[in-house]
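Taking it in order: structure first as structure tokens, then the write-up.
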Ligand code: G3P
Ligand code: CA
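In this note's numbering, the protein residues as written are 1 to 285.
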């Protein structure tokens with residue numbers, strides 16, 4: 001007869017996600033201080049840091065030669081043709097991408113040393129800022145870039161940005177792609193992960209979705225117009241933070257703060273800091 005002498009069942013080891021304190025209101029500089037100069041340049045990141053942002057936000061694409069570059073779109077136009085970032089090398093981009101396309105934005109705030117704006121790769125950013133800033137990195141289009149997760153974790157390890165004992169985490173990773181976040185979780189469960197959503201109407205996730213999410217994620221990033229108090233409360237009930245994007249006006253920042261969100265993506269970190277400081281001052285009176 002089967003099963004006469006049963007072996008004790010080994011407990012399955014579950015890996016705990018990292019949760020973050022709810023009380024902080026984080027200012028995430030969307031593509032840097034991108035209201036004032038071209039986003040995703042060292043100038044935009046430098047300006048964001050000087051303006052007091054808690055995080056610089058970096059969208060990642062990967063070139064043909066495996067360089068992780070700070071860029072929102074997966075296509076880039078040069079020689080009057082659209083090129084997939086995945087099909088060109090970083091040197092191609094440096095050689096052929098017309099810099100005037102980057103320099104045409106509002107340069108009033110650009111520091112003189114960064115007049116020559118250009119697309120940068122992640123390692124340049126990490127070398128430039130080291131552990132003096134916090135990074136909020138989005139893995140864009142992961143299906144187009146096999147191996148992007150490994151390369152990202154490799155660089156974060158190389159620059160000793162993980163498993164540190166800082167007040168707020170040095171690195172947060174975000175993506176619309178659940179599989180990509182889970183890959184990161186399997187490699188480095190200590191990194192807080194933010195699952196991104198865009199809702200057409202009011203933001204809502206079912207209890208089942210929330211439970212799945214809370215196995216690996218620390219929070220959600222959602223389009224700001226979809227956020228309600230009920231949504232924020234339902235996220236908090238699973239220890240999930242809420243970071244709406246992308247908010248650039250004072251009134252909306254205040255409204256979202258009052259709804260209890262835990263930070264915002266903004267092109268105007270200076271404005272967000274002003275609102276946060278004012279709210280803290282009033283709160284302490
Ligand atoms: O990553 C959150 C927010 O930045 C999403 O918007 O600018 O990447 O399209 P974006
Ligand atoms: Ca982004």
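Beta carbons are placed, not taken as given, at the ideal position from N, Cα and C, and that holds for glycine. Just so it is clear, the structure is predicted and the values come from calculations on it, not from any experiment.
- Residue state for residue 184 is assigned as helix, using DSSP reduced to three classes.
- Per DSSP, the unbroken alpha helix (DSSP H) holding residue 148 starts and ends at 148-158.
- Between residue 241 and residue 218, the gap from beta carbon to beta carbon is short of 8 Å.
- Ranking 267, 253, 259 and 265 by CA distance to the CA of residue 277 puts 253 first.
- Where residue 66 is concerned, there is no enclosing alpha helix (DSSP H), because DSSP gives it neither an H nor an E.
- When DSSP states are grouped into helix, strand and coil, residue 40 belongs to the coil group.
- By the neighbour-count criterion, in which a residue is buried when 16 or more other Cβ atoms sit within 10 angstroms of its Cβ, residue 267 is buried.
- In the pairwise beta carbon analysis, the segment 128-137 is classified as touching the segment 159-173: at least three pairs are separated by under 8 Å.
- Per DSSP, the continuous alpha helix (DSSP H) segment holding residue 279 begins and ends at 269-283.
- Judged by beta-carbon spacing, residue 32 lies within the 8 Å limit of residue 47, meaning their Cβ atoms are closer than that value.
- With fewer than 16 other Cβ atoms inside 10 Å of its own Cβ, residue 15 counts as exposed.
- Around ligand 2, the residues whose beta-carbon falls short of 6 Å from at least one of its heavy atoms are 57, 59 and 138, given in chain order.
- Pairing residue 183 with residue 74, the inter-Cα distance amounts to about 21 Å.
- Per DSSP, residue 252 is one residue of the alpha helix (DSSP H) stretching across 250-259.
- The beta carbon of residue 229 sits closer than 6 Å to those of 259, all from its chain and outside the five residues before and after it, given in chain order.
- Of the residues 67, 179, 141 and 210, the one whose Cα lies closest to the Cα of residue 151 is 67.
- Here the alpha carbon of residue 197 sits roughly 9 Å from the alpha carbon of residue 175.
- In this structure, residue 203 lies near residue 226, with their beta-carbon atoms less than 8 Å apart.
- Less than 8 Å separates the beta-carbon of residue 194 from that of residue 172.
- Here residue 262 is buried. Its C-beta has 16 or more other C-beta atoms within 10 Å.
- The segment 34-54 makes no contact with the segment 74-92; the number of CB pairs closer than 8 Å stays below 3.
- In the three-state DSSP reduction, residue 170 falls in the coil class, being neither helix nor strand.
- The alpha carbon of residue 37 has as its nearest neighbour, out of 117, 27 and 17, the alpha carbon of 117.
- The beta-bridge partner set that DSSP reports for residue 266 consists of 29.
- Under the three-state reduction of DSSP, residue 231 is assigned to helix.
- Residue state for residue 75 is assigned as strand, using DSSP reduced to three classes.
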